[in-house]
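Each step along the sequence shown adds one to the number in the UniProt record's numbering, with nothing skipped, and position 456 is 456.
Don't be surprised by glycine CBs; every beta carbon is placed ideally from N, CA and C.
So the structure is just underneath, and the comments pick up after that.
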Amino acid sequence: MKAISKTFPGVKALQDVDFDLLPGEVHALLGENGAGKSTLVKIISGVYQKDHGEFVYKGKSIHFSSPLEAREAGISTVYQELSLMEHMDIGRNIFLGREGQNRILGILDKKRIYKDSMQYLKKVKLNISPYTLVKNLSIAEKQLVEIAKAISFNAEVIIFDEPTSSLSEEEANNLFILIEELKKSGIGIIYISHKMSEIAKISDRITVFRDGKKIATKYTKEITIDEVLKMMVGREISLMEKKIIENTNGELLRVKNLSKKDSFQDISFYLNKGEILGFAGLVGAGRTEVMRAIYGADKLDSGEIMIDNKLVHIKNPHQAIAKGIVLVPEDRKGQGLFLNLGVDKNITISSLKDVSRFKVVNNKKNQDIAKKTVEKMNVKTPTIHQQISLLSGGNQQKCILGRCILLNPKVLIFDEPTRGIDVGAKSEIYKLMFELAEQGIGIIVVSSELPEIMAVSDRVVVMHEGKITGELKEDQINQENIINYMVGVTHYV
């Protein structure tokens with residue numbers, strides 16, 4: 001790709017960008033959200049069309065007008081938000097849109113579809129029937145189906161967009177093994193991720209973007225993570241600045257023997273004022289379910305919740321917020337945002353009583369609060385009226401946090417707070433956590449990233465199969481101890 005440019009209204013998404021991909025290599029694209037990575041791969045995959053520049057593929061200048069054209073030419077994409085049809089089975093998903101190629105005398109040849117699907121599933125080492133409905137698959141299994149679908153187009157280029165954001169460590173390692181096998185078969189891989197450790201592990205080259213421009217292309221083995229981060233944000237950056245809170249005295253929240261059938265059992269823990277309590281565990285350990293129950297989003301079977309040493313009864317999120325408990329949900333787009341509304345409405349929607357009189361919203365007051373929040377949270381948006389679905393993941397998350405802070409929480413629960421967020425936004429969110437803790441707010445952080453848990457937490461509670469298996473303090477907090485508890489070994493070293 002030579003001198004590729006793309007402009008959207010008011011935004012230069014790409015400016016004279018050069019990029020190349022070799023057969024059998026993993027070329028990682030790095031940069032903060034909004035840097036231009038996604039725009040480039042959407043041009044490569046036919047979602048967008050370039051304004052200027054030349055796109056050369058297999059020695060020929062080419063122009064894709066649709067994703068289907070790109071796929072038929074051998075370029076497939078596995079997106080962070082998977083595009084499979086949940087109500088259909090695996091085989092029909094793999095050949096969706098190509099039914100015409102699998103007909104005999106006008107009749108759909110289902111036998112051929114499922115036979116061929118089985119062969120593609122074997123290639124990605126997914127031992128499951130092609131008749132299985134997609135809705136019954138795990139996230140990791142769905143991702144493998146997406147890869148099988150890409151291979152079915154005889155892909156010569158596969159683009160992975162944040163592929164491990166919802167995977168466990170074991171599932172991610174299995175994906176890396178598969179990517180290595182795809183490399184050996186000569187497939188070129190374009191890989192987008194915000195996780196520096198996995199970029200260092202699997203990529204051959206990296207290209208760094210900032211503000212729509214290519215900053216540099218380097219061989220991975222010839223550059224350090226610190227150098228990459230500096231190129232990405234244009235300044236020195238520390239992802240993990242361990243906070244020191246002088247005073248976490250005074251118990252704020254205590255839960256006793258919380259239980260919910262088939263989710264978790266006998267959960268008991270406490271949270272002090274100004275403390276950051278990490279919750280670690282494998283995917284499916286029950287951490288999210290516990291937090292949703294405390295927040296009143298899911299019903300408890302039994303147990304007690306106490307705030308400021310007083311027993312409270314929470315049946316719904318409205319009651320939780322009234323008691324000072326606020327949740328930043330795991331599923332940002334599905335549970336945290338109103339995607340068809342603007343930034344301003346998403347920020348103030350939970351605080352309408354503060355900007356209303358006699359149930360009539362004071363628009364000026366509403367917009368003033370939204371503007372102040374956008375400035376305070378450093379949200380990058382052309383206007384507060386911008387539809388929030390058009391913002392990057394990091395800026396969407398900052399809008400959710402701004403909304404939560406407006407509710408004056410005593411307890412703020414972060415569920416996977418930095419999933420799919422670039423390093424610059426991560427640093428800002430960590431800084432905000434520490435500032436809130438210094439103000440005496442109790443913070444719970446649920447995260448699948450162990451470096452994040454170890455860096456931000458004063459204490460760590462670990463869950464395994466719906467139960468708390470251990471609690472770690474200060475010098476006890478290390479990767480080996482956490483992993484022992486995560487897999488059910490109830491002692492630390």
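Taking Ala148 as reference, the option from Thr224, Ile94, Gly281 with the minimal CA-CA separation is Ile94. A straight-line Cα-Cα distance of about 7 Å links Val145 and Ile90. Distance from the CA atom of Gln335 to the CA atom of Ile215, rounded to whole angstroms, is 36 Å.
At a Cβ-Cβ threshold of 8 Å, Asp344 and Asn378 do not count as neighbours. Asp262 counts as exposed, since fewer than 16 other C-beta atoms from the protein chains shown sit within 10 angstroms of its C-beta. Val446 is a Cβ neighbour of Asp415, given a cutoff of 8 Å.
The secondary-structure analysis by DSSP pairs His27 across a beta bridge with Ile190, Arg205. Taking 8 Å as the cut-off, the beta carbon of Gly46 is found closer than this to the beta carbon of Ser65. Counting only the Cα atoms, Glu181 lies some 44 Å from Ser259. Between the alpha carbons of Arg71 and Lys183 lies a gap of roughly 18 Å.
Cα atoms of Thr207 and Gly234: separation of roughly 15 Å, rounded to the nearest angstrom.
Gly342 is positioned such that its CB atom lies no closer than 8 Å to that of Gln396. Within the same chain, Cβ atoms closer than 6 Å to the Cβ of Asp458 are found at Glu275, Ile276, the five residues on either side in sequence being excluded.
Collapsing the DSSP output to three states places Asp354 in a helix. Per DSSP, the unbroken alpha helix (DSSP H) holding Val41 starts and ends at 37-44. The beta-carbon distance between Ala3 and Asp18, rounded to whole angstroms, is 7 Å. This is short enough to meet the 8 Å contact definition.
In the structure shown, the three-state DSSP call for Leu121 is helix. In this structure, the straight-line span from the alpha carbon of Pro382 to that of Arg254 is close to 42 Å. Cα atoms of Asn316 and Glu289: separation of roughly 14 Å, rounded to the nearest angstrom. The Cβ atoms of Val326 and Cys404 sit closer than 8 Å to each other. The C-alpha of Gly440 is placed about 19 Å away from the C-alpha of Glu428. Runs of the beta strand (DSSP E) lying entirely within the segment 325-378, each at least 3 residues long, are 325-328 in chain order.
Judged by beta-carbon spacing, Val460 lies within the 8 Å limit of Ala280, meaning their Cβ atoms are closer than that value.
C-alpha of Asn346 to C-alpha of Leu407: approximately 13 Å in a straight line. If you look at Gln396, you'll find it in the alpha helix (DSSP H) that goes 393-406. As far as DSSP is concerned, Phe176 takes part in no beta bridge.
The alpha-carbon separation between Asp161 and Met196 amounts to approximately 14 Å.
Put simply, of His27, Arg112, Lys142 the residue whose alpha carbon is nearest the alpha carbon of Leu84 is Lys142.
Closest by C-alpha distance to Gly402, out of Leu229, Ile349, Ser356, is Ile349. Within its own chain, the residues whose Cβ lies closer than 7 Å to the Cβ of Val355, once the five positions on either side in sequence are excluded, are Thr348, Val361, Asn362, Lys365, Asn366, Ile369, listed in chain order. Distance from the CA atom of His385 to the CA atom of Lys371, rounded to whole angstroms, is 10 Å.
In terms of Cα proximity to Leu391, the closest of Ala425, Ser76, Gly59 is Ala425. Nearest in C-alpha terms to Pro417, of all of Ser166, Phe209, Ala150, Met1, is Ser166. Out of Ala155, Val283, Lys122, the CA that lies nearest to the CA of Val487 is found in Val283. The three-state secondary structure of Gly281, taken from DSSP, is strand.
Under the DSSP assignment, Tyr485 falls in the alpha helix (DSSP H) whose first and last residues are 479-486.
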